Amino acid sequence: MPLFEYKCLTCGNTFEELVKKYDDEVFCPDCGSLCQKNYSGTVFTGTGQTVKKCSGNCKNCKGCG
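Residues in the sequence shown are numbered from 2 upward in steps of one, following the working numbering.
Below, the structure written as structure tokens:
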């Protein structure tokens with residue numbers, strides 16, 4: 002099961018959730034509202050190197066660098 006990061010548009014809570022299917026609806030554990038998936042990923046450059054793109058929304062993030 003993939004792990005996705007979600008943000009609640011009602012209360013602003015961000016959290017990670019394991020989902021069984023890509024299109025499963027996920028609800029906020031704090032307020033119960035439907036949440037939006039945060040999209041972030043890895044950017045591939047032409048040199049074969051990868052650069053991790055940080056969304057800046059991670060609870061456990063210590064910054065990009």
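All C-beta atoms, glycine included, are put in the ideal place defined by N, C-alpha and C.
Bear in mind the structure is a predicted one, so any value in this text is a computation, not a measurement.
Cα-Cα separation between K21 and Q37, rounded to whole angstroms: 16 angstroms
The beta strand (DSSP E) enclosing N39, as first and last residue numbers: C36 to N39
Leaving out the 5 sequence neighbours to the left and right, which residues in its chain are closer than 7 angstroms to L35 when beta-carbon positions are compared? E26 and F28
Pick from P30, G33, Y23 and D31: whose alpha carbon is nearest that of F5? Y23
Using only CA atoms, which one of P3, M2 and N14 lies nearest to P30? N14
To the nearest angstrom, how far is it from the Cα of M1 to the Cα of E17? The first residue shown for the chain is 2 and the last is 66, placing residue 1 beyond what the model contains.
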